[in-house]
Amino acid sequence: MVEKFDIPTLPTYIEIPDIEKGAMKGDGPFKSSAEFQNPLGFPGEKVADWQTVAIAKMAELKSKYRSVQVFLDACVKCGACTDKCHYFLGSKDPKNMPVARQDLFRSVYRRHFTFAGKYFPKLVGAKDLDETMLDDWYNYFHQCSQCRRCSVFCPYGIDTAEISMAAREVLDTVGVGQKYCNQILGKATTVGNNLGLPEPALRDTLLDLEEEIEEETGIAIKYPLDVKGAEVLLVTPSADFFAEPHIDGLIGYGKVFHQDGVRWTMSSFASEGANFGMFIGSYDVMRKAALRIRKAALDLEVSRIMVGECGHAWRVAYGFWNTLTGVGAGATDVFGLKLQNQLDPRYSQPQHIIEYTHDLIKRGKLEFDKSVNDHRTVTFHDSCNIARASNMGGIPNGQFILPREVIKAVCNNFVDMARDTIMESTFCCGGGGGLLTDDLMEIRVKGAMPRMQALKAVEGSDNVDTLVAICAICKSQFSKVLPKFDFDPYMIVSVHQLVGEALIMDKPQIEEDLSATEVVG
Amino acid sequence: MSAISIFFTALFYLSLFVFLIGMARKIYQYWLTPTPLKIPIAPAPLTQTGVAMRIVREVVLFESLFKSNKWTWIFGWLFHVGLLLVLIRHLRYFWPGDLPEIFLLTQPFKYAAFAMVIGLVGLIGRRIFVERIRYISAPSDYLMLILLLVIGVSGVVMTFTNNHTDIIMVKEFASGLLILNWSNLPTEVYFLLHIFLAFILLLIFPISKLLHVPGVFFSPTLNQVDDSRKKRHISPWALKQEQGHAVRLEQALGKD
Ligand code: SF4
Ligand code: SF4
């Protein structure tokens, strides 16, 4: 397919572009219809009195979220964030500068809720919420991956992601939803995963996978589903079941579980780690999706809940599950305690699969043949939601340290990209926040430019040929955009693919039979 | 008392009133507005002490701004520190009666006015010449800087050139405002301009972007402890919703 837009060329270092007004103007992603809107409790089409409804929703949101209220008030337009968004760097559209993006929302807030904006709108840049403004909202709030990079660099921590989420919630409330997210949420909240994969199909897929692995390695690695009384419930993004390179990560998880010998399971009722409820900013939808996992954990009577490689899933799990559903610790209320009494307090709840593998490595439970990965020189892409909105291991900056230590434990050649493009300053892959849809391909490619540039630099200096990530969205996005920048699309792999490939599977194959013999004997 | 003194006296009380009530209302609003989710931003402290240190670093050193943009940081920091020192030095005018010796220490702070002015000029320059910042600036953003600049420059003119004001009169007027013993103020144009704009600044404080002052302390990305797995954090509205819906939700989910 011929591109209808220019793919940015990769500069030697990132320059701050001159602004190009209207560069990314457009109609935004495909709009949702009643079929997808109604099940989530949103109107199917734009409501007649949408202005009134929108303003009322804004009033509600700013009274429910301190972030929204404070962020709308506190910005001094210092401009420090203006060059921090990958979508601005890649597209040059000034409305993709974080503060300008917020201002789409803030100007309406000022007009309707502040003294200065009511009486001196021109003076303070207050604007009415008219058709044009609503269109701009729809377009530009779907050019924000809610990556929070801007927040790191703002003197008041103003987080454009919060504003984006609020704006999208207002849009949904007036009936102008995004098809991609809302369609997926419909499947996730009824079938249990984003793919709409029902239990029998999932079971088949896992059986196939087991056969394949056994054929290839000769080891009977199991992918248990709905096993009541298992110790660990694994919740992973459903892309792991199908997509490339994700599935090799799933193989890696299975190998680690197998080698450790822990009794684990997945749930067909809650077979999705991703939670797009966060992307659309809806607390209720996000909670509804998360509650399925709570129910699965209670029904399967597991004592540990673990999350696979997924960025925003880990943000929701790490940061929000305890609030939304009580998966965590320290509850004092009946609802939270019901689950927390069942969970094993010796482990963090929920736990990230990286934390689990890391711990096994530290305790010497896993052995690796690192030379298997010698043909690779690896770099690690910090996924936004993990890097900027979570922790691992309970140590400061653990979310940067643990994945790197796991990679270095299984692979000899590791190089980091430039410091201002990793860790808390990491550049988004360009496809996060509900943007991973073909109708947004232009902004996805342009937004990937800064990350691609950093990758190009280490390719040049250190011959890096493998990009590793722990996020399903990053992996899918990179597979798509890498070739556009002349990289090999297969250079993106999961951390647990590297782990799985280097892991020495020396566990006695007949353990189950052995234990059976013991009982008999 | 002269008409002009009455005008300025009245303006002072009006501004002070609006400032105090307005700020109290805003702080109360921020205080009351819940934080439904934990959203600290990396590098996020894992303890309350860590959070306190983070806020101190942000407020005193402008840590994030330093990471972000050195020019904006240096101008912004010079301006704020200059302003703070100058304000401390101004306390002498409001102190009724003889000054305690400690005020001698604040004497050199008058030079901080230059830092303030340099900072402001730099910030205005960036707003005008950096295209990205020009794009995001509303008229009020320029006016705010100009307002502060005129206050600063008029102060410098009175302190460092031959346009000195009658300090005794200033002190009587200013301290009189506080102890309700009103008197006439000097009527040199620099002085009138200086305090007129200063009072206006006070007046618009709670309805302008100057709300970044309380805002930085209430920003959830900066002031939350990163401990969401250890403690259940829940907002009053969500808790209520949860209690109301708990039973229904469990039932509804079971049916799928
Ligand atoms: S860095 Fe923060 S205060 Fe400065 S313009 Fe951006 S959002 Fe506003
Ligand atoms: S959250 Fe990320 S994508 Fe959104 S404005 Fe900020 S830097 Fe850009």
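Chains as they are written, first to last, in this note's numbering: chain W, -14 to 506; chain C, 169 to 424. Using N, Cα and C, we set each Cβ at its ideal position, and we do this for glycine too. None of the values given here were measured: they were computed from a predicted structure.
Where the beta strand (DSSP E) through residue i begins and ends
i, result
"Thr364 of chain W", "363 to 365"
"Val241 of chain W", "No beta strand (DSSP E) holds Val241 of chain W; the alpha helix (DSSP H) holding it covers 231 to 245."
"Arg133 of chain W", "Element bounds for Arg133 of chain W: n/a, residue is neither H nor E."
"Val478 of chain W", "477 to 479"
"Met291 of chain W", "289 to 292"
"Val507 of chain W", "Given that chain W is displayed from residue -14 to residue 506, the structure contains no residue 507 of chain W and the question cannot be resolved."
Endpoints, alpha helix (DSSP H) assigned at residue i
i, result
"Met221 of chain C", "216 to 229"
"Met434 of chain W", "426 to 447"
"Lys452 of chain W", "Before going further, note that residue 452 of chain W is Leu rather than Lys in the sequence given. Here Leu452 of chain W belongs to no alpha helix (DSSP H); instead the beta strand (DSSP E) covers 451 to 454."
"Ser461 of chain W", "457 to 466"
"Ile301 of chain C", "299 to 304"
"Ile314 of chain C", "307 to 328"
"Val212 of chain W", "First-last for Val212 of chain W: undefined, no H or E at that position."
"Leu(-5) of chain W", "From DSSP, Leu(-5) of chain W is part of no alpha helix (DSSP H); its letter is neither H nor E."
"Arg257 of chain C", "238 to 262"
"Leu184 of chain C", "171 to 200"
"Val109 of chain W", "106 to 109"
"Pro388 of chain W", "383 to 395"
"Ala286 of chain W", "As written in the sequence, residue 286 of chain W is Glu, which differs from the Ala given in the question. Careful: Glu286 of chain W lies outside any alpha helix (DSSP H) and carries neither H nor E."
"Tyr123 of chain W", "116 to 125"
"Phe226 of chain W", "224 to 227"
Residue i versus the options, residue with shortest Cα-Cα distance
i, options, result
"Glu229 of chain W", "W:Leu483, W:Tyr(-2), W:Ala457", "W:Ala457"
"Lys441 of chain W", "W:Asp471, W:Phe(-10), W:Ala454", "W:Asp471"
"Ala33 of chain W", "W:Ala85, W:Thr99, W:Val161", "W:Val161"
"Arg133 of chain W", "W:Ala316, W:Glu427, W:Lys(-11), W:Glu147", "W:Glu147"
"Ala487 of chain W", "W:Thr406, W:Gln438, W:Ile392, W:Cys459", "W:Ile392"
"Leu130 of chain W", "W:Thr175, W:His337, W:Arg86", "Looking at the sequence itself, residue 130 of chain W is Ser, so the reference to Leu does not match. It is W:Arg86 whose Cα lies nearest to the Cα of Ser130 of chain W."
"Cys60 of chain W", "C:Ala306, C:Pro264, C:Leu272, C:Tyr261", "C:Ala306"
"Tyr72 of chain W", "W:Ile1, W:Asp423, W:Arg373, W:Asn326", "W:Ile1"
"Ile143 of chain W", "W:Lys69, W:Ala394, W:Lys49, W:Glu352", "W:Lys69"
"Phe463 of chain W", "W:Asp367, W:Met490, W:Arg373", "W:Asp367"
"Met271 of chain W", "W:Thr190, W:Asp225, W:Ile169", "W:Ile169"
"Ile223 of chain C", "C:Phe385, C:Asp266, C:Leu272, C:Leu313", "C:Phe385"
"Ser18 of chain W", "W:Leu345, W:Cys295, W:Pro79, W:Leu156", "W:Leu156"
"Phe138 of chain W", "W:Cys66, W:Leu191, W:Pro330", "W:Cys66"
"Asp309 of chain C", "W:Gln244, W:Val241, W:Gly64, W:Gln163", "W:Gly64"
"Gly218 of chain C", "C:Asp266, C:Asn352, C:Val393, C:Leu407", "C:Val393"
"Arg129 of chain C", "W:Ala152, W:Asn81, W:Tyr141", "A query on residue 129 of chain C cannot be resolved here, the shown segment of chain C reaching from 169 to 424 and no further."
"His362 of chain C", "C:Met169, C:Arg400, C:Leu315", "C:Leu315"
"Ala406 of chain C", "W:Tyr208, W:Thr310, W:Val212", "W:Thr310"
"Pro(-4) of chain W", "W:Ser92, W:Met150, W:Gly445", "W:Gly445"
"Gly250 of chain C", "C:Leu233, C:Ile347, C:Val289, C:Glu231", "C:Val289"
"Gly110 of chain W", "W:Asp120, W:Leu119, W:Asp121, W:Arg96", "W:Arg96"
"Ala173 of chain W", "W:Asn260, W:Arg361, W:Asn307", "W:Asn260"
"Gly293 of chain W", "W:Pro24, W:Ser223, W:Ala374, W:Val247", "W:Ser223"
"Thr177 of chain C", "C:Leu348, C:Ala220, C:Asn237", "C:Leu348"
"Met426 of chain W", "W:Thr(-6), W:Ile(-1), W:Ala372, W:Met9", "W:Met9"
Cβ-heavy atom distance, residue i to ligand 4, below 6 Å
i, result
"Val84 of chain W", "Summarising the ligand content, the structure contains ligand 1 and ligand 2 and does not contain ligand 4."
Mind the definition here: the segment 389 to 403 of chain C touches the segment 206 to 216 of chain C only if three or more C-beta pairs lie below 8 Å; say whether that holds. A contact is defined here as three or more CB-CB pairs under 8 Å, and the segment 389 to 403 of chain C meets this definition with respect to the segment 206 to 216 of chain C.
Minimum length 4: unbroken alpha helix (DSSP H) runs contained in the segment 136 to 192 of chain W: 145 to 158, 164 to 175
Minimum length 4: unbroken alpha helix (DSSP H) runs contained in the segment 14 to 47 of chain W: Runs of the alpha helix (DSSP H) inside the segment 14 to 47 of chain W: 19 to 22.
Below 8 Å, can you find three or more Cβ-Cβ pairs linking the segment 124 to 133 of chain W to the segment 107 to 114 of chain W? no
Between the segment 237 to 256 of chain W and the segment 170 to 188 of chain W, do at least 3 Cβ pairs fall closer than 8 Å? yes
What are the complete beta strand (DSSP E) segments, minimum 3 residues, inside the segment 299 to 375 of chain W? 363 to 365
For the 8 Å Cβ check, are there 3 or more pairs between the segment 259 to 271 of chain W and the segment 418 to 433 of chain W? Yes, the segment 259 to 271 of chain W touches the segment 418 to 433 of chain W.
For the structure I just gave you, are there three or more beta carbon pairs, one from the segment 427 to 436 of chain W and one from the segment 466 to 485 of chain W, closer than 8 Å? yes
Are three or more beta carbon pairs between the segment 90 to 108 of chain W and the segment 350 to 370 of chain C nearer than 8 Å? no
Would the segment 267 to 275 of chain W and the segment 189 to 208 of chain W be scored as touching if the rule is three or more Cβ pairs under 8 Å? no
Taking contact to mean at least 3 C-beta pairs separated by less than 8 Å, is the segment 285 to 292 of chain C in contact with the segment 309 to 326 of chain C? Counting C-beta pairs closer than 8 Å gives three or more between the segment 285 to 292 of chain C and the segment 309 to 326 of chain C, which meets the contact rule.
List, from N- to C-terminal side, the alpha helix (DSSP H) runs of 4 residues or more that fit wholly inside the segment 49 to 103 of chain W. Annotation: the segment 49 to 103 of chain W contains the following complete segments of the alpha helix (DSSP H) (minimum length 4 residues), in chain order: 51 to 59, 71 to 76, 83 to 98.
Would the segment 246 to 262 of chain C count as touching the segment 275 to 282 of chain C if we require 3 or more Cβ pairs under 8 Å? yes
When you compare the segment 377 to 393 of chain W with the segment 172 to 185 of chain C, are there three or more beta-carbon pairs, one atom per stretch, that lie closer than 8 Å? no
Any alpha helix (DSSP H) of 4 or more consecutive residues that is wholly inside the segment 348 to 423 of chain C: Fully enclosed alpha helix (DSSP H) runs of 4 or longer: 357 to 372, 380 to 386, 388 to 391, 404 to 423.
Would you call the segment 351 to 366 of chain W and the segment 397 to 413 of chain W in contact, with 3 or more CB pairs under 8 Å? yes
Could you tell me whether the segment 368 to 380 of chain C touches the segment 44 to 52 of chain W, where touching means 3 or more Cβ pairs closer than 8 Å? no
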